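What follows is one structure encoded as structure tokens, with my remarks underneath.
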Amino acid sequence: MYKLILKLAWKNSFLRRSRTLLVIIMIAVSMSMMLAIEGIYDGMVENMVDKNKRSDSGDISIFAKEYRINKDLAYMIKNADEIKAQIENMQGAQAVVLRVKAEGLLSTARKSSFASVVGIDLQAEERFGKFSEFLKEGSIDLQKQGAIVGIELAKTLKVGVGSKVVFSTQDIRGEINSIALYVRAIVQTTNISLDNSAIFIDINQLHKFLGTDSKNAMQIAIRGEDKELYGKLKIAFANLDVKSFLELQPMIKQMQDLMIIFNSVTFLIVMGVVFIGIFGVMYVSILDRVREFGIMISVGMHYKYIRLQIFLESIVIGVLGYLSGAVLGAVLLTYLEHYGIDLSAFSDALATWGYEAVIYATIKVSYFTTTLGAIMAASIFSVIIPLRKIKKLNPIEVIKAEK
Amino acid sequence: MIKLQNVNKYFFKGEPREVHALRDINLSIEAGEFTLFGGSSGCGKTTLLNIIGALDSCDSGKIYLQDKEIGSLDEESRTTLRLNELGFVFQAYNLIPVLNVEENIGFVMRLRGFSDKEIKQRVLEVATLLEIDNKLKSLPNALSGGQQQRVAVARAVAAKPKIILADEPTANLDSNNSKILMNMMRELNEKEGVSILFASHDELIMESVRRIVTLNDGAIVDDNEM
Amino acid sequence: MFKLAFKNILFYKGRSIATAVLTFVSTMLFILYISLQDGSHNSMLENSLKIYTGAIEIYRKDYRDIGGNEYLIQDVKAITDKLEKIDAIEEYSPRYETYGLLSNKEYSAASMVAGIEPNKEKLLSSLESALIEGSFLDEGSANCIYIGAELLKKLKLGIGDEVAFIGSASDGSFAADMFKVCGVFKTGSFEFDSSTSFVARSYFDELMNAKNRASYITLKLKNIEDADKVNEQIISMLDDENLESLTWKTLMKSMVEIMEIDAVFGYISLSLFMVVIFFVIMIYGFVNVSSRIKEFGVLRCIGLSKRNIFLLLFYEIALLSIFATLLATPIAAYICYYYNINPIVIDGIADMYKDYGIVSDEIPFDYNLFTIGWNVGVIYLLNFLSILYPYMYINSFRPIEATRHV
Numbered sequence: 000m001y002k003l004i005l006k007l008a009w010k011n012s013f014l015r016r017s018r019t020l021l022v023i024i025m026i027a028v029s030m031s032m033m034l035a036i037e038g039i040y041d042g043m044v045e046n047m048v049d050k051n052k053r054s055d056s057g058d059i060s061i062f063a064k065e066y067r068i069n070k071d072l073a074y075m076i077k078n079a080d081e082i083k084a085q086i087e088n089m090q091g092a093q094a095v096v097l098r099v100k101a102e103g104l105l106s107t108a109r110k111s112s113f114a115s116v117v118g119i120d121l122q123a124e125e126r127f128g129k130f131s132e133f134l135k136e137g138s139i140d141l142q143k144q145g146a147i148v149g150i151e152l153a154k155t156l157k158v159g160v161g162s163k164v165v166f167s168t169q170d171i172r173g174e175i176n177s178i179a180l181y182v183r184a185i186v187q188t189t190n191i192s193l194d195n196s197a198i199f200i201d202i203n204q205l206h207k208f209l210g211t212d213s214k215n216a217m218q219i220a221i222r223g224e225d226k227e228l229y230g231k232l233k234i235a236f237a238n239l240d241v242k243s244f245l246e247l248q249p250m251i252k253q254m255q256d257l258m259i260i261f262n263s264v265t266f267l268i269v270m271g272v273v274f275i276g277i278f279g280v281m282y283v284s285i286l287d288r289v290r291e292f293g294i295m296i297s298v299g300m301h302y303k304y305i306r307l308q309i310f311l312e313s314i315v316i317g318v319l320g321y322l323s324g325a326v327l328g329a330v331l332l333t334y335l336e337h338y339g340i341d342l343s344a345f346s347d348a349l350a351t352w353g354y355e356a357v358i359y360a361t362i363k364v365s366y367f368t369t370t371l372g373a374i375m376a377a378s379i380f381s382v383i384i385p386l387r388k389i390k391k392l393n394p395i396e397v398i399k400a401e402k
Numbered sequence: 000m001i002k003l004q005n006v007n008k009y010f011f012k013g014e015p016r017e018v019h020a021l022r023d024i025n026l027s028i029e030a031g032e033f034t035l036f037g038g039s040s041g042c043g044k045t046t047l048l049n050i051i052g053a054l055d056s057c058d059s060g061k062i063y064l065q066d067k068e069i070g071s072l073d074e075e076s077r078t079t080l081r082l083n084e085l086g087f088v089f090q091a092y093n094l095i096p097v098l099n100v101e102e103n104i105g106f107v108m109r110l111r112g113f114s115d116k117e118i119k120q121r122v123l124e125v126a127t128l129l130e131i132d133n134k135l136k137s138l139p140n141a142l143s144g145g146q147q148q149r150v151a152v153a154r155a156v157a158a159k160p161k162i163i164l165a166d167e168p169t170a171n172l173d174s175n176n177s178k179i180l181m182n183m184m185r186e187l188n189e190k191e192g193v194s195i196l197f198a199s200h201d202e203l204i205m206e207s208v209r210r211i212v213t214l215n216d217g218a219i220v221d222d223n224e225m
Numbered sequence: 000m001f002k003l004a005f006k007n008i009l010f011y012k013g014r015s016i017a018t019a020v021l022t023f024v025s026t027m028l029f030i031l032y033i034s035l036q037d038g039s040h041n042s043m044l045e046n047s048l049k050i051y052t053g054a055i056e057i058y059r060k061d062y063r064d065i066g067g068n069e070y071l072i073q074d075v076k077a078i079t080d081k082l083e084k085i086d087a088i089e090e091y092s093p094r095y096e097t098y099g100l101l102s103n104k105e106y107s108a109a110s111m112v113a114g115i116e117p118n119k120e121k122l123l124s125s126l127e128s129a130l131i132e133g134s135f136l137d138e139g140s141a142n143c144i145y146i147g148a149e150l151l152k153k154l155k156l157g158i159g160d161e162v163a164f165i166g167s168a169s170d171g172s173f174a175a176d177m178f179k180v181c182g183v184f185k186t187g188s189f190e191f192d193s194s195t196s197f198v199a200r201s202y203f204d205e206l207m208n209a210k211n212r213a214s215y216i217t218l219k220l221k222n223i224e225d226a227d228k229v230n231e232q233i234i235s236m237l238d239d240e241n242l243e244s245l246t247w248k249t250l251m252k253s254m255v256e257i258m259e260i261d262a263v264f265g266y267i268s269l270s271l272f273m274v275v276i277f278f279v280i281m282i283y284g285f286v287n288v289s290s291r292i293k294e295f296g297v298l299r300c301i302g303l304s305k306r307n308i309f310l311l312l313f314y315e316i317a318l319l320s321i322f323a324t325l326l327a328t329p330i331a332a333y334i335c336y337y338y339n340i341n342p343i344v345i346d347g348i349a350d351m352y353k354d355y356g357i358v359s360d361e362i363p364f365d366y367n368l369f370t371i372g373w374n375v376g377v378i379y380l381l382n383f384l385s386i387l388y389p390y391m392y393i394n395s396f397r398p399i400e401a402t403r404h405v
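These protein sequences, in sequence, are chains A, B and C.
For the first sequence, numbering that gives the first Met the number 0 assigns the number 0 to the initial residue and increments by one for each residue that follows.
For the second sequence, numbering that gives the first Met the number 0 assigns the number 0 to the initial residue and increments by one for each residue that follows.
For the third sequence, numbering that gives the first Met the number 0 assigns the number 0 to the initial residue and increments by one for each residue that follows.
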């Protein structure tokens with residue numbers, strides 16, 4: 000019996016082949032485009048989040064209480080090295096780095112610019128966020144007065160690998176001090192504040208230059224996805240300013256939220272229109288076969304089997320559309336995940352705004368599962384109104400209509 | 000087998016355009032009958048057929064099928080009754096376009112839960128009887144009008160109903176096909192013992208049947224054994 | 000055909016309503032989306048532009064690429080004398096910019112310090128209107144410094160406080176002085192407010208040995224739309240291959256480009272909606288037509304040509320599209336106009352996106368009839384394209400075949 004109904008549903012789905020194919024193509028094209036767009040936007044945000052975490056804040060950052068408001072040398076974390084060792088032993092902490100920062104003037108013979116010097120331990124940064132992957136030019140090396148400059152800062156000052164620069168600022172005693180540095184590498188982190196104004200030097204060298212205690216630091220950055228780690232750190236270091244990534248980057252949080260809203264709205268609109276498409280086709284298809292349904296009721300087929308047949312017809316179209324869209328979408332997303340969208344022609348502008356020249360997509364299983372659910376829902380709901388017409392059908396009226 | 004007692008049927012009851020379609024119908028149909036409900040257009044023959052076939056309900060009176068009162072059944076029960084006890088042949092659009100002849104004939108049997116083996120055997124039997132056994136794999140749109148009607152008759156009789164109701168079965172056929180159809184239906188009636196009730200004003204059917212119940216203005220005016 | 004098309008629209012209500020509603024929705028969506036996108040882009044550009052950048056700026060060649068004192072404009076007067084002759088220029092002023100360190104007892108910060116002509120600057124930029132405390136500069140301001148609000152915060156200064164300046168002069172010599180904070184400005188651009196300050200040229204030129212010298216000359220035009228035209232005039236008038244004259248489009252190239260990229264992504268997202276709606280309109284059209292194959296067959300049998308069939312479909316979709324767009328366009332246009340005059344305000348968005356140069360919490364819509372026009376044109380085009388497949392489908396049947404179609 001159910002085999003018969005499935006057969007009827009399948010055959011009736013392709014009774015009007017062109018119509019059915021059009022709907023399937025519509026679902027496939029809309030779905031694959033939507034998945035690709037979702038993947039690209041999510042990829043952009045994820046890339047930004049990843050680069051930000053790796054180059055700056057990590058998953059959690061710790062500062063002295065006053066530091067974020069007053070970026071002053073006076074507000075350093077005391078005994079930061081001990082705290083670092085403590086955190087490294089905590090469950091969930093994958094990598095910990097110390098950083099020292101100061102703002103000042105970076106000059107060449109011809110140009111000057113505002114800059115932020117960041118004292119780092121290269122090996123620790125490599126473990127923390129694969130620092131070497133940010134390299135654009137030169138080699139990652141801070142030995143012998145070496146410095147690594149952010150890409151936009153390098154452009155502003157017109158420096159390249161091998162250039163000499165001088166950084167000037169007030170040290171811990173309040174004296175204006177300068178240090179000559181040699182550019183060993185240029186990096187692009189896509190973190191705007193770093194690319195526009197950061198110059199990285201060896202942390203010990205910076206301590207010496209600033210006259211600060213090498214046990215102290217401005218920032219302790221931690222990588223660790225354990226959700227409980229944040230809570231533990233907040234309790235353990237209640238006298239310090241412990242902030243999660245999203246707390247430090249409200250703009251990125253907002254971008255993520257906006258992206259979710261945008262993707263959801265897009266999804267709803269597209270699925271809504273898909274629903275209208277399936278509805279239109281199913282409605283007409285059912286109306287065309289009103290006499291056939293009348294005959295079936297007359298010969299004794301219960302309404303529930305007819306209802307099942309119609310649901311199955313709609314689901315067949317939805318499933319075929321989904322499968323086509325899923326295959327096309329998967330191909331598109333895989334391509335975009337590996338090759339990305341190449342915007343090299345705009346690479347200068349993109350770099351200024353913290354984007355890479357090639358934008359890669361991300362693929363998530365949820366893209367496919369939510370779309371499947373939505374298409375199935377659209378398929379099922381699209382036949383509710385036509386079914387009501389069938390339910391109210393009087394076989395006699397149908398038969399009369401034959402005459 | 001079928002008994003109608005004082006059956007009345009109205010259309011648009013209570014409205015100015017009210018029609019008294021059936022007036023105090025008292026009728027008995029026995030097993031194996033080959034009967035025509037005749038009369039001019041609008042006399043109520045189709046309405047009578049529909050009431051007997053549980054496609055419609057009466058406004059007053061009683062209808063019995065095998066001593067079971069069917070007049071007051073709900074829609075679900077009437078559908079089940081039609082499935083298990085009755086067979087139908089309509090004037091047109093009898094067949095399901097996406098199913099082939101074999102599947103169309105076996106359709107009611109499948110609804111009733113017969114096994115594949117039983118269906119296959121019975122389908123071949125009735126198809127042979129109606130001389131459409133060479134068209135079992137064809138779709139309805141590949142058949143002529145006459146062949147389509149024979150398939151409809153085959154479907155109606157395949158599940159061995161007690162009664163077959165045929166409303167103007169020859170209306171869309173030429174005289175040759177009409178003759179062929181009527182001969183086959185009579186043969187079925189004699190061989191299978193199934194009662195066949197017609198609603199028609201086709202003279203060919205009149206000549207073929209054994210009983211004519213004539214209606215006029217909703218009432219039985221004549222009831223003759225031929 | 001027109002009459003028949005009209006009657007068909009009224010008869011096949013389901014299809015007509017669905018097509019009209021979808022066209023209405025897509026028109027509204029398209030116009031509003033593009034208007035919002037263009038409006039926010041224009042606003043970002045305008046806000047950034049009016050802060051400090053000129054419509055046109057004249058540089059010594061290689062100043063922007065290499066920089067340094069060798070590439071300063073050495074004879075400003077020679078250039079400005081020529082600029083006087085160009086009517087389209089409303090105002091101009093030479094600016095001398097340098098980088099230095101500003102410090103008080105405890106704090107120091109790097110800053111671009113620019114020597115400006117205060118009276119001319121009132122017209123050329125929004126520096127004066129950005130005043131939030133103290134007073135703007137004038138020609139007699141002497142060692143007054145007009146400082147950005149974020150920079151003031153960094154240095155923990157107030158009005159009347161003194162701040163030391165250390166830098167290098169235009170001849171490479173060491174330059175140092177004490178400035179007094181006379182005024183504070185806040186443009187909304189975080190980067191600008193945290194790293195720039197201004198001194199009157201009448202004083203600064205002495206300190207920096209920059210008389211008749213300039214980093215560049217900035218110009219304001221009577222009509223910014225004429226920027227390209229006027230720029231060509233300037234180039235030919237200057238007739239000096241050691242000078243370059245650049246419009247704001249070049250000066251703000253990276254911002255212009257990022258907006259182009261943003262617009263491309265916007266169009267990609269929009270195209271998704273358009274594709275889906277196009278398909279559905281086509282499907283409804285196709286279903287409507289495929290259920291009338293017999294009818295078309297009969298029409299063709301009695302003598303209707305393929306051209307007439309096309310006209311019939313064309314009139315049907317045209318009537319539906321015109322009806323829907325006539326309804327949608329004024330509504331959408333009014334919304335654009337309203338929000339152009341009364342921009343949407345999202346509190347905190349400027350602060351949130353300060354790194355991206357967003358200076359204002361206001362997001363205006365763009366109200367441009369030409370843009371609205373081509374938006375509607377695209378909708379019409381899509382609607383007309385949607386009849387192609389149904390038309391081809393009808394013609395795939397021979398007339399007599401069509402009359403027998405089930």
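Ideal Cβ placement from N, Cα and C applies to all residues, glycine included.
Bear in mind the structure is a predicted one, so any value in this text is a computation, not a measurement.
Residue-chain proximity (residue i, chain A), Cβ-Cβ < 8 Å
{"i": "Thr78 (chain B)", "result": "yes"}
{"i": "Ile72 (chain C)", "result": "no"}
{"i": "Glu191 (chain B)", "result": "no"}
{"i": "Phe87 (chain B)", "result": "yes"}
{"i": "Tyr11 (chain C)", "result": "no"}
{"i": "Ala17 (chain C)", "result": "yes"}
{"i": "Leu82 (chain B)", "result": "yes"}
Bounding residues of the alpha helix (DSSP H) (the contiguous stretch that carries residue i)
{"i": "Phe272 (chain C)", "result": "Lys252 to Ser289"}
{"i": "Leu47 (chain B)", "result": "Lys44 to Ile51"}
Contacts of residue i in chain C (Cβ-Cβ under 9 Å)
{"i": "Glu102 (chain A)", "result": "Ser107, Ala108, Ala109 and Lys153"}
{"i": "Ala114 (chain A)", "result": "Ala109"}
Under 7 Å by beta carbon: chain A residues contacting residue i
{"i": "Asn49 (chain B)", "result": "Ile395"}
{"i": "Leu35 (chain B)", "result": "Here the premise fails: no neighbours, minimum Cβ distance about 18 Å."}
{"i": "Leu288 (chain B)", "result": "The structure shown has nothing for residue 288 (chain B), since chain B only spans 0 to 225."}
Contacts that residue i makes with chain B (C-beta to C-beta distance below 7 Å)
{"i": "Asn11 (chain A)", "result": "Val97"}
Reduced DSSP category for residue i - H, G, I as helix; E, B as strand; rest coil
{"i": "Leu72 (chain A)", "result": "coil"}
{"i": "Tyr334 (chain A)", "result": "helix"}
{"i": "Gln218 (chain A)", "result": "strand"}
Interface residues of chain C facing residue i [CB-CB closer than 7 Å]
{"i": "Ala108 (chain A)", "result": "Gly67"}
Residue-chain proximity (residue i, chain B), Cβ-Cβ < 8 Å
{"i": "His301 (chain A)", "result": "yes"}
Interface residues of chain B facing residue i [CB-CB closer than 8 Å]
{"i": "Met0 (chain A)", "result": "Arg109, Leu110 and Gly112"}
{"i": "Ile316 (chain A)", "result": "Simply none; closest approach about 15 Å."}
Cβ distance (whole Å) where residue i is taken to contact residue j below 8 Å
{"i": "Asn93 (chain B)", "j": "Gly144 (chain B)", "result": "With 8 Å as the limit, Asn93 (chain B) and Gly144 (chain B) do not qualify as a contact, their Cβ atoms being about 11 Å apart."}
{"i": "Leu47 (chain B)", "j": "Phe33 (chain B)", "result": "That belief does not hold up - the Cβ atoms of Leu47 (chain B) and Phe33 (chain B) are roughly 16 Å apart, past 8 Å."}
{"i": "Gly149 (chain A)", "j": "Val182 (chain A)", "result": "The pair is not a contact, with the Cβ atoms about 11 Å apart (cut-off 8 Å)."}
Range of the contiguous beta strand (DSSP E) that encloses residue i
{"i": "Tyr63 (chain B)", "result": "Ser59 to Leu64"}
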